[in-house]
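With this note's numbering as the guide, the letters of the sequence shown map in order to residues 888 to 1182. Where is the CB? At the ideal position from N, CA and C, for every residue including glycine. As the structure is a prediction and not an experimental result, all values here were calculated from the model. Notes to accompany the following structure.
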Amino acid sequence: MGKKLKIAGAPISWGVCEAPGWGHQMGPDRVLKEMSELGLGATEFGPAGFLPAAAEERAKVLKALHMEAIGGFFPIVIHREDHDPLPEVREELKSYKATGAYELVLAANTGLDGYDTKRPELDDAGWQRMFTNLNRIREACDAQGVDAVLHPHVGTMVETLDDVMRVVKGSNIKFCLDTGHMFIGGTDPVEFSERHSDRVAHVHMKDVNAKQAEKVRSGQITYYEGVCNSLYMPLGQGDIDMKQIVINLVVKAGYDGWFVLEQDLTIQSEPAPGTGPIESARQSVAFLRAIEAEL
């Protein structure tokens, strides 16, 4: 009998994003219902404001739409000497307890707005502070039955291959393997899924147009401009060997976690029913189900 892939959705695949001025923000009723139509029974929370902030209200919305809560993307400042991230983490974990969520997907926020501003430079002491905070956050989450994972991300303090390998060596935190952000930052996600599969505890699936990624990487265009110009493609239609990543993790390493459709996009107005982001998501689901049939 073949292996069953656990495929989930993320609101950013419907254009719902925390970045200022990102574009039209679709509402949770439609987004979660469209996920359900695609056979996705689980979702990440999305940015602040997408679901109710109050933990019990958030749980009610998800239950009404028959959605399992995985957890969510949580940008947080972890490199500054004057900022303790643990109070924010503990506050966020209240919604995890109420909803049954279990994956806190951390991004090392620069403390600046958006992903296209010049990030601060860290010295050795700054890196050590980040490692210490990552380990503290992991321990606090472990105590609540939640997995804390680090998400390398364009425009954050962990973006490049050098950043990623520093964290691999300097901290015991596990990773959200975001195939797109790693690729853009210079980390080969196929290689990472093979060499460091023991550090992968969550996966965001993005396929990437390599030419657009190079423009973002070199500074010719901003990350936002790339997203607006087909930086991300439906799975199987870009330049990353997505199938090999699945094989490396599931077949070779025994990964049984989620593969989350998490392809950043922007929209400028509410799409007509049955159109818009669901079309790309449908193609990505079909691609993963085809791989599943071969496992």
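Among the residues of its own chain, which have a CB less than 8 Å from the CB of K890, if the five just before and after it don't count?
So the qualifying residues of the chain are V1137, V1138, E1179 and L1182.
Should E1166 go down as buried or exposed, given a rule of 16 or more other Cβ atoms within 10 Å for buried?
With fewer than 16 other Cβ atoms within 10 Å, it is exposed.
Can you tell which of F1174, S1058 and V1090 has the C-alpha that lies nearest to the C-alpha of W1014?
When each option's Cα is compared against that of W1014, the closest is S1058.
To the nearest angstrom, how far is the alpha carbon of M888 from that of D1085?
Here the model assigns M888 a pLDDT of 48, short of 50, so the residue's position is not dependable, and the following value carries that caveat. Spanning the two alpha carbons is a distance of roughly 25 Å.
Are there three or more Cβ pairs, one per stretch, closer than 8 Å when the stretch 947-958 is compared with the stretch 994-1006?
No, because fewer than three Cβ pairs between the stretch 947-958 and the stretch 994-1006 fall closer than 8 Å, the two stretches do not touch.
Please give me, in chain order, every unbroken run of the alpha helix (DSSP H) with length at least 4 that falls completely inside the stretch 1123-1167.
Listed in chain order, the complete alpha helix (DSSP H) runs (minimum 4 residues) inside the stretch 1123-1167 are 1129-1133.
K893 and G1144: beta carbons closer than 8 Å?
Against a cut-off of 8 Å, the Cβ pair of G1144 and K893 comes out as a contact.
With distances taken Cα to Cα, identify the nearest neighbour of V1147 among P1160, V948, G959 and I1127.
Ranking P1160, V948, G959 and I1127 by Cα distance to V1147 puts G959 first.
Determine the closest residue to A1030 out of Y983, P1039 and C1115, with distance taken between C-alpha atoms.
For A1030, the nearest C-alpha among the options comes from Y983.
Determine, using beta-carbon pairs with one atom in the stretch 1026-1046 and one in the stretch 988-996, whether at least three such pairs fall under 8 Å.
A contact exists between the stretch 1026-1046 and the stretch 988-996.
R1176: which of S900, L927 and A906 sits nearest, CA to CA?
Of the listed residues, the one whose Cα sits closest to R1176 is L927.
Using the Cα positions of A1012 and V1133, report the straight-line distance between them to the nearest angstrom.
Cα to Cα, A1012 sits roughly 37 Å from V1133.
For the beta strand (DSSP E) holding M1017, just list the boundary residues, first then last.
Note, M1017: premise wrong, no beta strand (DSSP E); alpha helix (DSSP H) at D1011 to A1030.
On the DSSP bridge assignment, give the partners of K950 in chain order.
Paired residue(s): none; K950 is not in a bridge.
Between S1080 and the rest of its own chain, which residues show a CB-CB distance below 7 Å, the 5 nearest in sequence each way excluded?
Closer than 7 Å at Cβ, skipping near neighbours: L1064, V1087, I1132, N1135 and L1136.
Can you have a look at R1104 and say buried or exposed, based on whether 16 or more other CB atoms are within 10 angstroms of its CB?
By the 10 Å Cβ count, R1104 comes out buried.
In the DSSP assignment, the alpha helix (DSSP H) including K1102 goes from what residue to what residue?
A1097 to S1105 is the extent of the alpha helix (DSSP H) around K1102.
Give the single residue among R977, K981, A985 and N1020 whose Cα lies nearest to the Cα of A996.
A small fix is needed here, since residue 996 is Asn in this sequence, not Ala. The shortest C-alpha separation from N996 is found at N1020.
To which residues of the same chain is P972 closer than 7 Å at the C-beta, ignoring the five residues directly before and after it?
Correct list, in chain order: I963, V964, I965, N1020 and I1024.
Taking just the CA atoms, how far does Q1124 sit from Q1150?
Each residue's alpha carbon lies about 13 Å from the other.
Could you compute how far the alpha carbon of K981 sits from the alpha carbon of W909?
Rounded to whole angstroms, K981 to W909 spans 28 Å at the Cα level.
Say the cut is 7 Å; is the CB of E1179 nearer than that to a heavy atom of the ligand NAD?
Only the bare structure without any ligand can be found here, which leaves the ligand NAD out of the picture.
Buried or exposed: which applies to E931, given that a residue is buried once 16 or more other Cβ atoms fall within 10 Å of its Cβ?
Result: buried.
With distances taken between CB atoms, is the gap from A1097 to D1126 smaller than 8 Å?
Yes. Within cutoff.
Going by CA-CA distance only, name the one from G1106, A1027 and F1062 that's closest to G1042.
When only C-alpha atoms are compared, the closest one is G1106.
Taking the runs of the alpha helix (DSSP H) that are 4 residues or longer, which of them lie wholly in the stretch 904-932?
If we require 4 residues or more, the alpha helix (DSSP H) runs fully inside the stretch 904-932 come out as 915-924.
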